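A.B. asks: Okay, here's the structure, questions in a sec.
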Ligand SMILES: Cc1cc2nc3c(=O)[nH]c(=O)nc-3n(C[C@H](O)[C@H](O)[C@H](O)COP(=O)(O)O)c2cc1C
């Protein structure tokens with residue numbers, strides 16, 4: 019797929035997840051075939067203040083594959099300034115993504131995230147400002163929901179505004195803000211967004227297997243899928259989904275050795291980049307995802323919750339092997 023000057027490889031994309039999709043996580047997903055990965059969301063306004071934490075979230079010294087940075091906000095002018103600042107601070111990215119889907123009250127309360135779905139014209143203005151700041155070469159993507167609530171399923175109108183103002187691709191999480199993360203995903207509403215625009219649209223929500231990826235594409239007519247939670251602790255999901263989407267045989271699931279090696283690598287890289295003190299609390303939830311389907315998972319998850327030092331990871335892995343030999 020060609021987006022402006024960028025060739026996007028075939029395959030599912032890895033979704034942005036605040037607190038989870040850090041650089042170590044993104045590299046792992048890219049190595050398993052994610053077409054592109056997205057940073058955790060950062061505030062456009064905070065970036066214009068030079069907030070170091072926000073800039074640190076976006077800076078990836080060693081990105082694997084194509085990398086998008088995601089910004090949220092609701093003021094077009096500040097968004098343009100933030101993008102200019104990313105350039106000035108030499109934050110490297112291949113695509114820029116705008117967040118129009120976050121349901122968290124602390125984000126929507128300020129008018130950003132999924133609150134934007136109530137104001138399609140403002141969505142258009144945000145995209146226009148981003149496009150002006152980016153210039154013509156860099157692809158601009160938008161991640162949205164299907165609307166705010168049942169009475170405001172504005173996805174198609176928002177998507178048209180985005181397209182008309184310079185967006186190159188849209189990802190739709192198949193739920194309104196009101197639906198938060200409650201199943202099921204509304205593929206019909208995603209299909210309505212796809213029909214509304216000519217640019218590529220990717221479907222997102224609850225894709226945890228090759229079968230679900232195929233179903234999402236079939237039911238929405240979308241050009242691809244984006245996967246978030248399903249790939250946590252299971253980066254091989256990209257290998258399986260990409261094979262299914264391409265009509266190739268789906269590879270077998272990974273061995274326990276492979277799973278534990280991936281867990282260890284991920285936490286090691288987190289510690290390298292953030293320092294053990296900052297990394298280990300986040301590593302606990304990453305580790306829990308690797309316990310899915312294992313014998314003794316409940317006790318192992320309790321051990322994950324106690325991880326404090328990197329050396330504890332090896333103790334955890336020993337316990338995993340003991341329970342699953
Ligand atoms: C903990 C968590 C954090 C998230 N953070 C972001 C974010 O920063 N930006 C964003 O656009 N979406 C965010 N999302 C939404 C995901 O990108 C995705 O749309 C959603 O989880 C549905 O896809 P999935 O079922 O494949 O996970 C987040 C989701 C979760 C569970």
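Residue numbers (this note's numbering): 19 to 343.
Yeah, the Cβ is synthetic: ideal placement off N, Cα and C, and Gly gets one too.
Computed from a predicted structure; not experimentally measured.
#1: For residue 85, is the classification buried or exposed, using 16 other Cβ atoms within 10 angstroms of its Cβ as the cut-off for buried?
#2: With a threshold of 8 angstroms, are at least 3 pairs of Cβ atoms found where one atom belongs to the region 190-197 and the other to the region 159-173?
#3: Comparing C-alpha positions only, which one of 52, 66, 77 sits nearest to residue 58?
#4: Can you tell me whether residue 310 is helix, strand or coil according to DSSP?
#5: Residue range of the alpha helix (DSSP H) that residue 117 falls in?
#6: Relative to the alpha-carbon of residue 207, which residue among 223, 217, 216 has its alpha-carbon at the smallest distance?
#7: Scan the region 218-306 and note each continuous beta strand (DSSP E) run of 3 residues or more that stays entirely inside, going in chain order.
#8: Pick out whichever of 336, 283, 111, 117 has its Cα sitting closest to the Cα of residue 152.
#9: Taking 7 angstroms as the cut-off, does the CB of residue 86 come closer than this to any heavy atom belonging to ligand 1?
#10: If you reduce the DSSP assignment to three classes, tell me which class residue 99 lands in.
#11: To the nearest angstrom, how far is the alpha carbon of residue 119 from that of residue 132?
#12: Going by C-alpha distance, which of 251, 39, 50, 128 is nearest residue 87?
#13: For residue 58, which of helix, strand or coil comes out of DSSP?
#14: State whether the region 62-69 contacts the region 307-314, with contact taken as three or more CB pairs (one from each stretch) at a distance under 8 angstroms.
#15: Can you give me the start and stop residues for the alpha helix (DSSP H) that residue 193 sits inside?
#16: Buried or exposed, going by whether 16 or more other CB atoms sit within 10 Å of the CB of residue 25?
#17: CB-CB under 6 angstroms to residue 339, same chain, minus the five flanking residues each way: which ones, in chain order?
#18: Count the C-beta pairs between the region 155-164 and the region 174-190 that are closer than 8 angstroms, then say yes if the count reaches three, no if not.
#19: Can you tell me which of 173, 342, 336, 100 puts its alpha carbon nearest to the alpha carbon of residue 214?
#20: Identify whether residue 20 lies in helix, strand or coil by the three-state DSSP scheme.
#21: Does DSSP put residue 212 in a helix, in a strand, or in coil?
#22: Please report the straight-line C-alpha distance between residue 74 and residue 178, rounded to a whole angstrom.
#23: Need the endpoints of the beta strand (DSSP E) that residue 159 sits in, please.
#24: Taking only the alpha-carbon atoms, compute the straight-line gap between residue 143 and residue 127 and give it to the nearest angstrom.
C.D. replies: On the basis of the supplied data:
#1: buried
#2: yes
#3: 77
#4: coil
#5: Run containing residue 117: none in the alpha helix (DSSP H); it sits in the beta strand (DSSP E), 113-118.
#6: 223
#7: 219-222, 242-245
#8: 111
#9: no
#10: helix
#11: 4 angstroms
#12: 39
#13: strand
#14: no
#15: Note, residue 193: premise wrong, no alpha helix (DSSP H); beta strand (DSSP E) at 187-194.
#16: exposed
#17: none
#18: yes
#19: 173
#20: strand
#21: helix
#22: 33 angstroms
#23: 158-165
#24: 19 angstroms
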